[in-house]
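Novice:
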Amino acid sequence: MIRVNSMAYITSVREVNSNASAESVIGIYQTGIIDISKYDKPAIIRRINLNYESYADITCEVYGEGKTSGTAICTVTFPANKSGAGLDSSRIVSRRPVAGARAKAISVVLTTPNSNASVIIRKLEIEIDG
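Just add 1366 to the spot in the sequence shown (first one is 1) and you have this note's numbering.
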């Protein structure tokens, strides 16, 4: 007598797009909601620090008051820091928002342009003033 497991699955691999040169990927890294308030008072975002390696620019958008989309309270761009010329380096880059963004809770979204650029994000730091 042979028993067949009723939970068996058939797996198949299919090619999604045979023109690999026409494919591209957008990288998105999104944090959860981060409480930055002190005694329930809004805090001001002074600096955003990012330790990363990237062949493309990274756009950092900060959303306030528990939102994860819509209008960002501040946006900063981190430049590409890798090239094919042997100048590759991981570094910490610090950016100051143009206007001091104020919020009680924030969500941070990091995106890359529509490309196949390699991106490694090691650390994200938010400096605030209460």
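Positions of the beta carbon are idealized from the N, C-alpha and C atoms, including for glycine.
Would residue 1391 and residue 1428 be called neighbours here (beta carbons separated by less than 8 Å)?
Specialist: Counted from its first residue, the sequence shown places residue 1391 at position 25. Counted from its first residue, the sequence shown places residue 1428 at position 62. Cβ distance not < 8 Å, so residue 1391 and residue 1428 don't count as in contact.
Novice: Output yes or no for whether 8 Å exceeds the beta carbon distance between residue 1410 and residue 1471.
Specialist: As a first step, residue 1410 must be located in the sequence shown, where it is residue number 44. As a first step, residue 1471 must be located in the sequence shown, where it is residue number 105. Not a contact, by the Cβ cut-off of 8 Å.
Novice: Scan the region 1399-1465 and note each continuous beta strand (DSSP E) run of 3 residues or more that stays entirely inside, going in chain order.
Specialist: Fully enclosed beta strand (DSSP E) runs of 3 or longer: 1409-1420, 1424-1430, 1440-1444, 1457-1461.
Novice: I need the DSSP call for residue 1469, collapsed to helix, strand or coil.
Specialist: Residue numbering aside, residue 1469 sits at position 103 when the sequence shown is read from its first letter. DSSP places residue 1469 in strand when its eight states are reduced to three.
Novice: Which residue or residues does DSSP assign as beta-bridge partners of residue 1392?
Specialist: Here residue 1392 refers to the residue found at position 26 when the sequence shown is read from its first residue. DSSP lists no partner for residue 1392.
Novice: Could you check if residue 1394 is buried or exposed, using at least 16 other CB atoms within 10 Å of its CB as the buried criterion?
Specialist: Counting from one through the sequence shown, the residue named residue 1394 turns up at place 28. Exposed, by the Cβ-count rule.
Novice: Hey, residue 1493 and residue 1412 are a contact pair by Cβ (cut 8 Å); roughly how many whole angstroms apart?
Specialist: Taking the first residue of the sequence shown as position 1, residue 1493 is located at position 127. Taking the first residue of the sequence shown as position 1, residue 1412 is located at position 46. Indeed, because the Cβ distance is near 5 Å, the residues count as touching under 8 Å.
Novice: Does DSSP classify residue 1484 as helix, strand or coil?
Specialist: Reading the sequence shown from its first residue, position 118 is the one you call residue 1484. Three-state DSSP puts residue 1484 in coil, outside helix and strand.
Novice: Just the C-alpha distance for residue 1407 and residue 1464, rounded to the nearest angstrom, thanks.
Specialist: Sequence index remark: in the sequence shown, residue 1407 carries index 41 (1-based). Sequence index remark: in the sequence shown, residue 1464 carries index 98 (1-based). Straight-line Cα distance between these residues: approximately 21 Å.
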